[in-house]
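Numbering-wise (the UniProt record's numbering), the sequence shown opens with residue 1 and increments by one.
Where a beta carbon is used, it is the ideal one built from N, C-alpha and C, also for glycine.
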Amino acid sequence: MASEDNELVTDFYPHFRIYKNGRVERFYHLQNCFYVPPTHEPDSNTGVYSKDVAINSHVSARLFLPNVTINTNEKLPIIVFYHGGALVLGSAFFNKVYRFLNLLVSESNSIAVAVEYRLTPEHDVYEDCWTALQWVASSQDSWLTSHGDFDKVFLLGESAGANIAFNMIIRADREKLNGDVKINGSILACPYFLIPHENVDVENLLAYKIWREIICPNLESPFDCPMINPLCKTSPNLSVKKSGWNGEFVLHVVEGESHSFLIDNLEAEKARDSIKRFASFIQSK
């Protein structure tokens with residue numbers, strides 16, 4: 001008989017399970033997700049270098065550097081990347097993230113910093129991600145100081161990572177980044193938001209259940225939280241049409257693909273096309 005501490009509290013199989021003692025069982029093998037090491041030599045397909053760095057005792061990152069920068073003084077855009085996984089799953093060190101960022105860094109001729117944040121429900125995802133962003137702004141790594149252009153810092157997130165990127169942008173406007181670094185642009189790919197829609201039974205979606213049961217169980221509804229619903233009453237005003245903002249806003253709709261196709265199906269033509277679009281956006285700023 002299982003002990004009380006091993007009693008199942010939340011069952012989101014085949015994604016994860018949470019037990020009464022706080023243990024979280026994550027089923028990465030069912031999603032074909034696994035750790036891959038960085039490549040201190042150029043990647044055989046893209047020529048991109050990568051390395052892992054410790055930001056503090058809890059947060060780390062994997063940096064990606066295109067091959068063309070090794071013997072030049074050219075300053076390159078910096079991409080801070082937050083992986084997806086509903087805030088509960090995933091890693092910056094997984095195979096799918098590695099392939100995606102190798103392709104994007106090669107295509108965009110940029111440096112990428114993939115943040116390895118600790119996961120919910122054990123930890124505060126957003127605080128870890130803010131710590132990493134401030135570390136980037138402090139330019140504490142030789143790849144960043146030698147090759148990075150701190151006037152061209154971009155945030156990129158996929159799924160829940162896009163949610164994180166959005167919230168980091170809001171916080172950076174409120175609290176400011178080290179060195180007065182500014183975020184030059186952001187890409188929110190397949191963003192993890194929960195917005196009520198009359199034609200969608202949102203409350204039966206896995207994303208809604210995770211947010212309601214794990215991330216903000218004390219709220220009457222996830223729809224009341226500005227971190228997941230940017231259109232709720234307590235959210236900052238995000239209107240740009242009448243604000244006088246002279247920036248660029250692009251909405252790109254990809255039809256016929258699943259939510260995480262960018263990471264899960266990099267061989268697809270639409271995934272490669274999206275990477276080219278991201279690269280073009282970054283290069284144009």
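Where Phe100 sits in the DSSP three-state scheme: helix
Ser44 - DSSP class collapsed to helix/strand/coil: coil
Proximal residues to Ala271 (C-beta, below 8 Å), its chain only, five neighbours per side dropped: The beta carbon of Ala271 sits closer than 8 Å to the beta carbons of Glu257, Phe261, Leu262, Asn265 from its chain, once the five residues preceding and following it are set aside; these are given in chain order.
Integer Cβ distance of Phe64 from Ile18, believed to fall under 8 Å: Not confirmed; about 33 Å, so no contact.
Pro104 burial status per 10 Å Cβ neighbour count (16 or more: buried): A small fix is needed here, since residue 104 is Leu in this sequence, not Pro. Per the 10 Å Cβ criterion, buried.
Same chain, Cβ closer than 6 Å to Asn95, neighbours up to 5 away in sequence not counted: Result list for Asn95: Phe34, Val36, in chain order.
Option nearest Val136 by Cα separation, candidates Asp43, Phe154, Cys190: Phe154
The beta strand (DSSP E) enclosing Lys20, as first and last residue numbers: Per DSSP, Lys20 belongs to no beta strand (DSSP E) and is neither H nor E.
Reference Glu255; option with closest CA among Ala268, Phe249, Asn6, Asn246: Ala268
Nearest candidate by alpha-carbon position, reference Leu251, set Phe278, Ser235, Met227, Cys129: Phe278
Check whether Asn109 and Thr46 have beta carbons under 7 Å apart: No, they are not a contact pair.
Candidates Arg212, Ser60, Asn184, of which the one nearest Asp151 by Cα: Taking only the C-alpha atoms, the option nearest Asp151 is Asn184.
Stretch-stretch touch, CB-based, cutoff 8 Å, three pairs: the region 124–136 with the region 162–169: yes
Nearest-angstrom beta carbon gap, Leu89 and His15 [assumed within contact, 8 Å]: 6 Å
Close-in-space but distant-in-sequence residues of the same chain around Leu156 (CB under 6 Å, 5 per side omitted): Within the same chain, Leu156 has close Cβ partners Ile79, Phe81, Ile187.
Cβ pair Ala86, Val115 closer than 7 Å: no
Rounded separation between Ile170 and Glu248 - CA only: Each residue's Cα considered, the two are about 17 Å apart.
As assigned by DSSP and simplified to three states, the class of Glu220: coil
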